[in-house]
Amino acid sequence: AAGVIQSPRHLIKEKRETATLKCYPIPRHDTVYWYQQGPGQDPQFLISFYEKMQSDKGSIPDRFSAQQFSDYHSELNMSSLELGDSALYFCASSIALQGNYGYTFGSGTRLTVV
Amino acid sequence: AQSVTQPDIHITVSEGASLELRCNYSYGATPYLFWYVQSPGQGLQLLLKYFSGDTLVQGIKGFEAEFKRSQSSFNLRKPSVHWSDAAEYFCAVGGPNQGGKLIFGQGTELSVKP
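Chains as they are written, first to last, in the working numbering: chain Y, 18 to 131; chain A, 221 to 334.
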């Protein structure tokens, strides 16, 4: 079965650079969630989209922005990268904003800022 | 505010022994409760979830969890641990009005001794 695809799997950037992380949801899933997991930390909710509109926002820095496109894939844009942005970034997708939380996580993008 | 507490940061059990990972939650209404497992550098895999009904929930890989409202707990159990169960385990809470957002606990790292 198709899963949530995240790209790239690994990314190394220097401080103050920008990064773009991509998430391709499971076909027919209309909702995407982004989470950030720092080293040894629990995943923290960043932002979610439903039908291409932002539906909720968590502890996402102003330096980050995200959007969901017409094909439902989502991109997380990160500017002025800081060392503390080094983390595993997960995307999850589901059908419909609420419901039974039937969502699936991707394998994540590991971002390292040097 | 909603929160999840996993009191044990690290647990070591012998292969074949039983396992119980603790999870306590704080949530104002009826919670949706989840257990995820994460192998090093990997994504989050859903083990089981509870929404309503029978308070003893069966999951994949021989895991089960019991919802105890009076104790605000959702402990994960397995009768006989296998070496391949060594991983990080996360308890998470959501709810019908959370827009699909999950709040994770800090995680419990499980080591398995031969």
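Even for Gly, the Cβ is constructed at its ideal location relative to N, Cα and C.
- With respect to the 8 Å criterion, K298 of chain A and F287 of chain A are not classified as neighbours on the basis of their beta carbons.
- Pairing H230 of chain A with Q54 of chain Y, the inter-Cα distance amounts to about 18 Å.
- Per the coordinates, the alpha-carbon of N94 of chain Y lies some 20 Å from the alpha-carbon of K321 of chain A.
- Proximity of chain Y to K288 of chain A at the Cβ level (cut-off 9 Å) is not reached, the minimal Cβ distance being about 20 Å.
- Under the three-state reduction of DSSP output, D73 of chain Y falls in the strand class.
- With a contact defined as Cβ atoms closer than 8 Å, Y256 of chain A and Y270 of chain A miss out at about 13 Å.
- Excluding residues up to 5 positions away in sequence, Q85 lie with their Cβ nearer than 8 Å to the Cβ of M70 of chain Y in the same chain.
- In the DSSP assignment, W51 of chain Y forms a beta bridge with Y:I64 and Y:C108.
- When the five nearest sequence neighbours on each side are left out, the beta carbons in the same chain lying within less than 8 Å of the beta carbon of D228 of chain A are those of L241, R242 and T328, in order along the chain.
- Three or more Cβ pairs drawn from the segment 40-57 of chain Y and the segment 99-113 of chain Y lie within less than 8 Å of each other, which places the two stretches in contact.
- Between S76 of chain Y and V49 of chain Y, the beta carbon gap of about 17 Å keeps them out of contact (Cβ cut-off 8 Å).
- Shown here, G314 of chain A sits in a strand according to DSSP, grouped into three states.
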